[in-house]
Amino acid sequence: MCGIFGCVGNNNVSSLLIDGLKRLEYRGYDSAGLCIQKSDSSFEILKSSNSNYPVAVLEKLVNSSKISGNLGIGHTRWATHGVVNNENTHPHLSFTKSVSLVHNGIVENYDDLKKFLLRNNVPIQSQTDSEIIAHLIDLKLNCKLDIEKALLSTLKMLEGINSVALMSKTFPDKIYAFSSDSSGGLIIGENKYNKFISSDSYALESFSDFINFTDKDELIVISRNSVKIINDLNSSRIPKKINVSKKPEVQKDLNGNFETNFILEKEIFEQNTILSNLINKRIFKNIEDKFPEINKHKLLNSRKFIFSGMGSSYNAAHYGSLLFEEILNIESKLEFSSELKNKKIIDPKGTTLFAITQSGETADTIEAIKNCKNQGVNVIAIVEEANSKAAKISDSYLLLETGKEISVAATKTFSSTLIICLSLCIQIANLLNINSKEIVKLLKAFVTLNENISKVLACCDYNYQDVSEYISNSKNVFLIGKNLTYPIVREGSLKFQEISKINSNAFVEGELKHGPNALLERKSLVFSVIGPDDNIKKSINTLREINSRNADIITISFSANDEIRELSKYNFLIESDNPYLFPILAVLPLQKLSFLSAVKSGLDPDRPKNLAKTVTVE
Numbered sequence: 000m001c002g003i004f005g006c007v008g009n010n011n012v013s014s015l016l017i018d019g020l021k022r023l024e025y026r027g028y029d030s031a032g033l034c035i036q037k038s039d040s041s042f043e044i045l046k047s048s049n050s051n052y053p054v055a056v057l058e059k060l061v062n063s064s065k066i067s068g069n070l071g072i073g074h075t076r077w078a079t080h081g082v083v084n085n086e087n088t089h090p091h092l093s094f095t096k097s098v099s100l101v102h103n104g105i106v107e108n109y110d111d112l113k114k115f116l117l118r119n120n121v122p123i124q125s126q127t128d129s130e131i132i133a134h135l136i137d138l139k140l141n142c143k144l145d146i147e148k149a150l151l152s153t154l155k156m157l158e159g160i161n162s163v164a165l166m167s168k169t170f171p172d173k174i175y176a177f178s179s180d181s182s183g184g185l186i187i188g189e190n191k192y193n194k195f196i197s198s199d200s201y202a203l204e205s206f207s208d209f210i211n212f213t214d215k216d217e218l219i220v221i222s223r224n225s226v227k228i229i230n231d232l233n234s235s236r237i238p239k240k241i242n243v244s245k246k247p248e249v250q251k252d253l254n255g256n257f258e259t260n261f262i263l264e265k266e267i268f269e270q271n272t273i274l275s276n277l278i279n280k281r282i283f284k285n286i287e288d289k290f291p292e293i294n295k296h297k298l299l300n301s302r303k304f305i306f307s308g309m310g311s312s313y314n315a316a317h318y319g320s321l322l323f324e325e326i327l328n329i330e331s332k333l334e335f336s337s338e339l340k341n342k343k344i345i346d347p348k349g350t351t352l353f354a355i356t357q358s359g360e361t362a363d364t365i366e367a368i369k370n371c372k373n374q375g376v377n378v379i380a381i382v383e384e385a386n387s388k389a390a391k392i393s394d395s396y397l398l399l400e401t402g403k404e405i406s407v408a409a410t411k412t413f414s415s416t417l418i419i420c421l422s423l424c425i426q427i428a429n430l431l432n433i434n435s436k437e438i439v440k441l442l443k444a445f446v447t448l449n450e451n452i453s454k455v456l457a458c459c460d461y462n463y464q465d466v467s468e469y470i471s472n473s474k475n476v477f478l479i480g481k482n483l484t485y486p487i488v489r490e491g492s493l494k495f496q497e498i499s500k501i502n503s504n505a506f507v508e509g510e511l512k513h514g515p516n517a518l519l520e521r522k523s524l525v526f527s528v529i530g531p532d533d534n535i536k537k538s539i540n541t542l543r544e545i546n547s548r549n550a551d552i553i554t555i556s557f558s559a560n561d562e563i564r565e566l567s568k569y570n571f572l573i574e575s576d577n578p579y580l581f582p583i584l585a586v587l588p589l590q591k592l593s594f595l596s597a598v599k600s601g602l603d604p605d606r607p608k609n610l611a612k613t614v615t616v617e
């Protein structure tokens with residue numbers, strides 16, 4: 000989950016390292032650090048921990064220290080081994096202080112390697128598994144091994160998926176790096192003046208004219224004048240350079256009067272513009288083929304679809320799976336990527352996997368893709384980054400086209416994924432000549448979708464402030480839905496957990512009386528999302544049951560039903576009678592309320608504690 004960034008240049012690289020770490024901070028907010036190799040080959044290390052904005056603190060340290068050097072490595076940490084403190088913050092020094100190292104991954108044979116080091120009288124200073132890699136390299140260098148041999152030998156000793164960047168006093172003026180990730184754990188960037196190494200392409204886009212992907216178990220040696228990639232001691236390769244397309248950081252035409260400076264609020268409001276652009280491109284664009292990126296032959300030969308993801312991506316996958324079965328009448332399964340990565344696929348040649356990972360870097364989804372591809376499954380990744388691992392290893396990919404989502408909690412990428420699933424469903428229906436009434440109604444309903452999104456986001460008819468105040472004081476929050484609204488209440492529950500730190504749970508409406516009812520009491524709060532395809536009478540009966548247990552109810556519904564309003568403490572009316580578009584609108588109040596509840600509780604909604612944007616470890 001951690002971020003690695005390194006730079007070799009003609010001038011002082013400290014500011015470039017800070018800029019790179021800012022772009023990688025979403026991978027881990029626990030701590031940050033950097034090491035500069037000075038002209039005399041010595042190291043100067045600065046670290047920041049115990050702050051919600053460690054890179055900002057690190058930047059102040061850099062400015063005040065006037066640290067200077069032409070090469071350096073940096074790191075943002077999401078803790079896996081050891082508590083959050085400066086001792087466990089990267090970069091780590093080897094026992095002779097001749098190697099400075101940053102690391103992403105988990106050394107699965109850490110205990111055995113630690114015992115080996117202790118037997119060799121190597122002192123262990125931190126609680127991390129990262130430190131031992133520096134010591135192992137140092138031991139080999141002390142045995143008079145050439146650094147390339149020492150690094151390749153150390154790489155073979157490490158179990159698990161690990162990426163490393165380091166500098167050496169003995170072999171100065173170069174950054175050395177390697178990764179055991181078969182989908183490319185490190186990426187090289189270059190421009191006229193500098194060369195870079197990074198955990199992902201996003202950190203390189205603003206610096207580099209082109210990038211190079213590395214392969215598993217390759218050693219990368221970066222100097223001021225060259226990039227060398229070594230497969231083993233007897234061979235090397237010339238990196239394939241890929242031009243970098245510069246993308247805007249943030250949408251400029253946001254609608255809304257922002258009450259805070261939090262990025263999450265702006266990303267929630269971006270959805271109106273982003274979804275409008277995506278709908279025009281994928282739904283209304285006057286071309287027969289709205290998905291030229293994917294292999295239509297493989298798609299049409301599929302007898303089964305699998306939707307897979309983790310977190311918000313899983314919830315979006317759930318919506319997609321239900322959608323395909325209802326509209327296309329084709330078998331569609333839903334899988335957690337963490338489970339799919341070890342599963343045998345029945346009829347793999349007749350199966351297409353839609354692997355949803357907004358970052359394109361989620362470790363479990365990457366492994367699920369590999370497992371399915373190895374069995375012959377057609378894999379289509381749904382991602383934001385074209386240069387991501389998931390896009391790189393899949394048969395084809397579709398872009399969410401949201402612009403980089405910075406906040407940990409997914410909002411605009413979630414909504415965009417729903418639109419992509421809808422447009423895929425329509426496209427496949429067209430290819431199969433399925434002209435159902437649902438498709439016709441759906442296309443007509445898209446015309447007013449953006450207007451309805453604007454209404455929900457504008458707060459005109461909804462008392463978001465009062466409701467969020469009420470939520471922040473609630474003991475427990477439950478969310479219930481059914482059919483196509485169930486993925487939405489799961490997503491809403493996840494948002495309350497992630498952003499607001501509220502104990503929340505999502506259930507299928509009918510499941511409430513099979514156990515969860517026991518938890519209902521005064522001060523409990525139940526969100527009920529009632530869609531156009533739901534049996535309103537049964538939903539009203541459920542609301543009455545909840546009411547009889549002294550729990551409060553907030554409803555998000557398509558109907559202005561008097562009974563729903565009377566039973567609800569608050570009612571959010573969504574102006575959509577289309578069951579497939581209603582979920583896209585219904586998730587918006589849940590996003591806004593989780594954000595506002597967090598703010599009222601004094602939390603940072605952009606950087607929830609213990610979470611990172613991208614989970615790159617299993």
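Residue numbers (numbering that gives the first Met the number 0): 0 to 617.
Yeah, the Cβ is synthetic: ideal placement off N, Cα and C, and Gly gets one too.
Computed from a prediction, not measured in an experiment: that's the story for all the values here.
Among the options, the one whose alpha carbon lies nearest that of residue i
i           : options               : result
residue 361 : 370, 504, 389 and 402 : 389
residue 44  : 454, 2, 92 and 80     : 92
residue 46  : 30, 39, 52 and 324    : 30
residue 524 : 476, 13 and 212       : 476
residue 72  : 423, 383 and 101      : 101
residue 33  : 61, 51, 10 and 26     : 61
residue 595 : 495, 519 and 555      : 495
residue 42  : 28, 462 and 97        : 97
residue 328 : 398, 431, 265 and 268 : 431
residue 172 : 384, 220, 140 and 27  : 220
residue 346 : 368, 365, 375 and 363 : 375
residue 443 : 533, 283, 63 and 296  : 283
residue 297 : 261, 312, 352 and 335 : 352
residue 377 : 9, 204 and 367        : 367
residue 563 : 589, 532 and 528      : 528
residue 314 : 261, 493 and 109      : 493
residue 369 : 491, 570, 180 and 112 : 180
Sub-9 Å separation of residue i and residue j beta-carbons
i           : j           : result
residue 218 : residue 176 : yes
residue 68  : residue 37  : yes
residue 380 : residue 356 : yes
residue 133 : residue 178 : no
residue 478 : residue 413 : no
residue 604 : residue 501 : no
residue 566 : residue 546 : yes
residue 693 : residue 514 : Any answer about residue 693 is impossible in this case: the structure gives the chain only from 0 up to 617.
residue 169 : residue 146 : yes
residue 387 : residue 266 : no
residue 162 : residue 185 : yes
residue 136 : residue 123 : no
Contacting residues, own chain, Cβ-Cβ under 7 Å from residue i (five flanking each side not counted)
i           : result
residue 568 : 551, 552 and 553
residue 395 : 292, 293, 294 and 379
residue 467 : 592, 595, 596 and 599
residue 318 : 417, 420, 483, 486 and 582
residue 333 : 306, 316, 317 and 320
Close beta carbons around residue i, own chain, < 8 Å, minus the five adjacent residues each side
i           : result
residue 349 : 300, 301, 302 and 303
residue 54  : 17, 20, 21, 24, 31, 47 and 75
residue 271 : 254, 449, 452, 453 and 456
residue 12  : 6, 35, 68, 69, 70, 71 and 193
residue 64  : 43 and 45
Cβ shell of residue i (< 6 Å), same chain only, five flanking positions each side left out
i           : result
residue 331 : 304, 320, 323 and 324
residue 694 : Since the displayed the chain opens at 0 and closes at 617, residue 694 lies outside it and no answer follows.
residue 28  : 606
residue 286 : For residue 286, the predicted model reports a pLDDT of 47, less than 50, meaning its position is unreliable and no value from the coordinates is stated.
residue 508 : 479, 481 and 541
residue 625 : An answer regarding residue 625 cannot be provided, because it is not within the stretch 0 to 617 covered by the chain.
residue 78  : 29
Alpha helix (DSSP H) segments (min. 4 residues) lying fully within the stretch 382 to 467: Qualifying alpha helix (DSSP H) stretches, in chain order: 388 to 392, 411 to 430, 436 to 444 and 448 to 457.
The stretch 566 to 575 touching the stretch 480 to 488, judged by at least three CB pairs closer than 8 Å: no
Sufficient close CB pairs (3 or more, under 8 Å) joining the stretch 123 to 139 to the stretch 195 to 208: no
Any beta strand (DSSP E) of 3 or more consecutive residues that is wholly inside the stretch 513 to 570: 523 to 529 and 551 to 556
Segments assigned alpha helix (DSSP H), at least 4 residues, entirely inside the stretch 131 to 170: 146 to 156
Segment contact, 8 Å Cβ cut-off, at least three pairs: the stretch 259 to 278 with the stretch 417 to 425: yes
Every unbroken alpha helix (DSSP H) within the stretch 272 to 338, with a cutoff of 4 residues, ordered by chain: Residue ranges of uninterrupted alpha helix (DSSP H) with 4 or more members, entirely inside the stretch 272 to 338 and ordered along the chain, are 295 to 299 and 311 to 327.
In chain order, each alpha helix (DSSP H) run of at least 4 residues that lies wholly inside the stretch 63 to 105: none
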